[in-house]
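> When we follow our numbering, the leftmost residue of the sequence shown carries the number 172, and every step to the right adds one. Ideal placement from N, C-alpha and C gives every residue a C-beta, glycine not left out. None of the values given here were measured: they were computed from a predicted structure.
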Amino acid sequence: MDAAAASRPEALEAKAVEVEAVGQAIARVVRMSNCATAHAGRLGVPSGWEKATYLVLFHLEAGARRSGSVAEALHLDPSTISRQVATLVKSGLVERTIDPEDGRASLLSITEQGRSILAAHRATRRELIDRMITDWPSRDRQDLARLLTRLADALETKLPAYVADVIQARHEGES
Numbered sequence: 172m173d174a175a176a177a178s179r180p181e182a183l184e185a186k187a188v189e190v191e192a193v194g195q196a197i198a199r200v201v202r203m204s205n206c207a208t209a210h211a212g213r214l215g216v217p218s219g220w221e222k223a224t225y226l227v228l229f230h231l232e233a234g235a236r237r238s239g240s241v242a243e244a245l246h247l248d249p250s251t252i253s254r255q256v257a258t259l260v261k262s263g264l265v266e267r268t269i270d271p272e273d274g275r276a277s278l279l280s281i282t283e284q285g286r287s288i289l290a291a292h293r294a295t296r297r298e299l300i301d302r303m304i305t306d307w308p309s310r311d312r313q314d315l316a317r318l319l320t321r322l323a324d325a326l327e328t329k330l331p332a333y334v335a336d337v338i339q340a341r342h343e344g345e346s
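Below, the structure written as structure tokens:
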């Protein structure tokens, strides 16, 4: 489809319908994910944990990081990371060490116990997803994985600029 055809009102309307359908599907998946999280204790997840807790562990799995680096990578407020890290350190899932490049700073590292918790979490997640799509044809499961990966990649790449644009537009609107 050329640029002129793509800008016709009917093409724009069709795209808006598609985008809305994607948004509704994502909202439903997130809602059900939140439901599963609310029942996490029954799924073998320590009570009182938040999604951010796992995000921190997943990020630290790649190697030791400073708290600020974790906050930046996860697009979370440093105070949120600080609270999560305190919980993780207290639980023995993360350890703090002095940063050899700057003795005033500390590095966060996942412990073996933290890796074990992540492995259990992944196993539970795999079991849940397997139950949901086990009767799907292999091609559909492959397509779902490919498209979700593509969406996740786009979100990781484009979300920071989108957030910055929204913040700037709101700031300009208040001026």
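(1) Inspect the beta-carbon positions of E232 and I281 and report whether they are closer than 8 Å.
(2) Quick check: the Cα distance between D270 and A276, rounded to an integer number of angstroms?
(3) DSSP on A182, reduced to helix/strand/coil?
(4) Would you mind giving the Cβ-Cβ distance between T224 and Q255, rounded to the nearest angstrom? I have them listed as a contact below 8 Å.
(5) According to DSSP, simplified to helix, strand and coil, what is S287?
(6) Per DSSP, what kind of secondary structure is G274 in: helix, strand or coil?
(7) Could you check what DSSP says for E266 in three-state terms: helix, strand or coil?
(8) Count the other C-beta atoms from every protein chain shown that fall within 10 angstroms of the C-beta of H292, then say buried if there are 16 or more, exposed otherwise.
(9) Can you tell me whether DSSP reads L247 as helix, strand or coil?
(10) DSSP puts I281 in a beta bridge; with which residues?
(11) Measure the beta-carbon distance from G228 to L326 and round it to whole angstroms, keeping in mind my assumption that it falls under 8 Å.
(12) Please look up how many angstroms separate the CB atoms of P249 and A257, rounded, as I've assumed it's under 8 Å.
(13) Can you give the Cα-Cα distance for V265 and P331, rounded to whole angstroms?
(14) Does DSSP put R341 in a helix, a strand or coil?
The relevant details are as follows:
(1) A contact, by the Cβ cut-off of 8 Å.
(2) Looking at the two C-alpha atoms, the distance is approximately 6 Å.
(3) Looking at A182 - three-state DSSP - the assignment turns out to be helix.
(4) Contact between T224 and Q255 holds: CB atoms are separated by about 5 Å, below the 8 Å threshold.
(5) Taken through DSSP and simplified to helix, strand or coil, S287 comes out as helix.
(6) In the displayed model, G274 falls within a strand according to three-state DSSP.
(7) It is a strand residue.
(8) So H292 counts as buried.
(9) Looking at L247 - three-state DSSP - the assignment turns out to be coil, as it is neither helix nor strand.
(10) Residue pairing of I281 in beta bridges, as defined by DSSP: V265.
(11) The question names Gly, yet the displayed sequence has Leu at residue 228. Not quite, the Cβ-Cβ distance comes to about 20 Å (not below 8 Å), so this is no contact.
(12) About 12 Å separates the two Cβ atoms, so there is no contact after all.
(13) Going from the Cα of V265 to the Cα of P331 covers about 27 Å.
(14) If DSSP states are grouped into helix, strand and coil, R341 belongs with the helices.
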